[in-house]
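Protein sequence lines, in the order shown, are assigned to chains A and B. Counting along the first sequence from 1, when you hit position 120 you're at 889 in our numbering, and nothing is skipped either side. Counting along the second sequence from 1, when you hit position 131 you're at 361 in our numbering, and nothing is skipped either side. Every residue gets a Cβ at the ideal spot worked out from N, C-alpha and C, and that includes glycine. Computed from a prediction, not measured in an experiment: that's the story for all the values here. What follows is one structure encoded as structure tokens, with my remarks underneath.
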Amino acid sequence: MLSDGVIIAERLSKRFHPGAAPAVDGISFVVPRGSTVALLGGNGAGKTTTISMLLGLLLPSGGRITVLGHDMARDRFAVLPRMNFSSPYVDLPHRLTVRENLAVYARLYGVRDRRSRIAELAGMLDLTGFLDRPSGKLSAGQKTRVALAKALVNAPELLLLDEPTASLDPDTGDWVRGMLERYRAERGATILLASHNMDEVERLSDQVLMLKAGRIVDQGSPEHLIAKYGRTDLEEVFLDIARSRGALGQAAQ
Amino acid sequence: MSGTPAAPTDLRGSAGGRIAAVMLRHLYILRGSIPRLIELAYWPTVQMVVWGLITESLAPAMNWQAQAAGVLISAVLLWDLLFRAQLGMSISFLEEMWSRNLGHLFVSPIRPWEWVASLMAMSLIRTLAGVVPAALLAILLYHWNIFSLGLPLLAFFVNLIVTGWAVALVVLALILRYGMGAEGLAWAIVFAISPISAIYYPVSVLPGWLQGVALALPPAHVFEGMRDLLHGQGFDTGHFLAAVGLNVIWLALGCAAFLWGFRTARDRGSLLQQGE
């Protein structure tokens, strides 16, 4: 399984200041090819920090990351064309139109037939009506769809999504989740997502990594975790872990 | 929404393509904003007009050196080359910060050196768009054609642009390290070296101990060389080579500062979080 891991994180840690509590504390996990794995945890659990390290935006304090067979510390430029991400913490240039932004990122990723790829993405994510509107003048939901279009511009093998359906109404959110499921199935892609939306995590994920204070306190399929904690849904499991103040988490490890 | 995902996309990335992509992002902004285009040429033109008038009004009282054709106007235009080169690179960088786009940029396959090269190319475009109209206006208003300097002008131009880039790399490093609180440095930092860059007066005017500091700056050699040329003493190869040598050192220091700032930003996680 380890050899088929698209992401292999080994004893990964991040401490922002000497003496401060670690934001990520020696976590290890494997994301198998073709799977969807969710990072679940409260605010400050270490989800965004973990994703940032996987993307190479943040240097780990310790540990090792292997993505698509490449060591991210030494060889990340061999992998970056094959992955992409979307996050509500990062914007696209506001003054550029949606089409211009997608054209820029298509060039950055070396997409050959940019015009048809942009048309394809516009169809996929229903962007056609506002392709020539400045990105800064879009609604929050439209921005989220454009961010997803940018994340798919290179048809990545590995997609890292930080709260992919934030700001979307329930109907559009549901549609995006369906689109991600189809993308994974048809492209054979691997998805790692961080989300606070428990329904989303239950629906999309094969495996859930429960994070608390920078540590993985439990993991398994949504069904396995719900059964293990004797609950009816993942939200109750999340609350159990969030309110355990560490005791349950340590027991689970 | 059709909802049909794409098949694997054919990717052919190259350094040139990625540099062009970042340039395109900035050119889109310039193309879409006439006020930005006007702003590029506004200050160089105002500066040139003011110094041209000063030259004309003081001409009767000036010595032969200062009266030499176009000394002050040339100094203004050449100094603006350095300032605009630095500012052009810094502004292109700040555009990414203002739009919180650095995170997207640095998870794409672009290498830091490619990104810096694209900022330098944009700086060149912004500088030429700013200074060339002012230089053309100087011909109309004061009958002073800086292009008549010929090949030496190219030598001055390249040296001043490179100095501007070296200073800009330090600005980038400081903003990457200290965040948007250091934004003001993009406009201010270059003026720290202007009093000792011998722009409007020779290095010999400075106190003895400061002359050594001034001669460690590439612009001091460029402006000394410019005055020599305009006073009919020909092109001083010594000043030219000194400026080139010092620029190599300055650019190396600027690159080292940038790499330090970039690594610090990756260590602190500020590539994902920086913005307005």
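Worksheet item: In this structure, what does DSSP give as the bridge partners for Asn853(A)?
Response: Leu928(A)
Item to complete: Could you pull out every unbroken alpha helix (DSSP H) segment of at least 4 residues lying fully inside the stretch 301-375 of chain B, listed in chain order?
Response: 301-328, 332-337 and 342-372
Worksheet item: Does any CB atom of chain B fall closer than 8 Å to the CB of Gly1015(A)?
Response: Only weak support is given to the placement of Gly1015(A): the predicted model assigns it a pLDDT of 45, under 50, and the question is left unresolved by the model.
Discussion item. Against chain A, which members of the stretch 236-265 of chain B pass a CB distance test of less than 8 Å?
Written reply: Ala236, Ala237, Pro238, Thr239, Asp240, Leu241, Arg242, Gly243, Ser244, Gly247, Arg248, Ala250, Ala251, Val252, Leu254, Arg255, Tyr258, Ile259, Gly262 and Ser263
Worksheet item: What are the partner residues of Thr959(A), as DSSP defines its beta bridges?
Response: Leu927(A)
Item to complete: Compare the C-alpha of Leu1003(A) against each of Arg972(A), Lys981(A) and Val986(A) and name the closest.
Response: Arg972(A)
Item to complete: Just tell me which of Ile405(B), Trp343(B) and Gly462(B) has its CA closest to the CA of Ser500(B).
Response: Ile405(B)
Worksheet item: By how many angstroms is the C-alpha of Pro933(A) removed from the C-alpha of Leu917(A)?
Response: 8 Å
Worksheet item: With a CB to CB cut of under 6 Å and the five nearest residues on each side skipped, what residues in its chain are close to Gly360(B)?
Response: Leu270, Ala271, Pro274 and Arg314
Discussion item. Can you pull the chain B neighbours of Ser782(A), defined as C-beta to C-beta under 8 Å?
Written reply: Chain B residues near Ser782(A): none, gap ~13 Å exceeds 8 Å.
Worksheet item: Closest Cβ-Cβ distance between Gly832(A) and chain B: below 8 Å?
Response: no
Fill in: Asp987(A), DSSP secondary structure in three states
strand
Discussion item. Alpha carbons only, please: which of Arg876(A), Gly983(A) and Phe785(A) is nearest the one belonging to Ala814(A)?
Written reply: Gly983(A)
Worksheet entry | Cβ neighbour criterion (16 or more within 10 Å) applied to Thr897(A) | exposed
Worksheet item: Are the stretch 478-491 of chain B and the stretch 347-364 of chain B in contact at 8 Å, needing three or more beta carbon pairs?
Response: no
Item to complete: Could you please tell me which residues of the stretch 475-487 of chain B, in chain order, have their CB closer than 9 Å to any CB of chain A?
Response: none
Worksheet item: Where DSSP assigns a beta bridge to Pro801(A), which residues make up the other side?
Response: Gly774(A)
Item to complete: Could you tell me whether the stretch 861-879 of chain A touches the stretch 892-907 of chain A, where touching means 3 or more Cβ pairs closer than 8 Å?
Response: yes
Worksheet item: What residues match up with Arg833(A) in a beta bridge as DSSP calls it?
Response: Glu779(A)
Worksheet item: Looking at Trp480(B) and Ala396(B), is the spacing between their C-beta atoms short of 8 Å?
Response: yes
Discussion item. Arg851(A) and Asp840(A) - do their beta-carbons sit closer together than 8 Å?
Written reply: no
Practice prompt. At 7 Å on the CB atoms, spell out the chain B contacts of Glu869(A), in chain order.
Written response: Tyr258
Worksheet item: For Ala245(B), which three-state DSSP category applies?
Response: helix
Worksheet item: Hey, quick one: how far does the alpha helix (DSSP H) through Gln463(B) stretch, first residue to last?
Response: Per DSSP, Gln463(B) belongs to no alpha helix (DSSP H) and is neither H nor E.
Worksheet item: Counting only beta-carbon atoms, is Pro437(B) nearer than 8 Å to chain A?
Response: no
Fill in: Ala920(A) vs Ser990(A) beta-carbon contact at 8 Å
no
Worksheet item: Given that a residue counts as buried once 16 or more other Cβ atoms are within 10 Å of its Cβ, and exposed if not, what is Asp310(B)?
Response: buried
Worksheet entry | Entirely enclosed alpha helix (DSSP H) segments - the stretch 395-425 of chain B, minimum 4 residues | 415-418
Worksheet item: The beta strand (DSSP E) spanning Val1028(A) covers which residue range?
Response: The structure shown does not extend to residue 1028(A), since chain A spans only 770 to 1022, so no value can be given for it.
Worksheet entry | Exposed unless 16 or more other CB atoms sit within 10 angstroms - verdict on Ser378(B) | exposed
Item to complete: Using a Cβ cut-off of 8 Å (strictly closer), state whether Gly1018(A) contacts chain B.
Response: Residue placement at Gly1018(A) is poorly supported in this model, since its pLDDT is 45, which falls under 50; the coordinates are not used for a value here.
Worksheet item: Which of the residues in the stretch 355-370 of chain B, read from start to end, lie with their CB under 9 Å from any CB of chain A?
Response: none
Worksheet item: In chain A, what lies closer than 8 Å to Pro342(B) by C-beta?
Response: Here the premise fails: no neighbours, minimum Cβ distance about 10 Å.
Discussion item. So His863(A) contacts chain B; which residues on that side make the cut at Cβ distance below 7 Å?
Written reply: Ser329
Worksheet item: Opposite His839(A) in the DSSP bridges: which residues?
Response: Val836(A)
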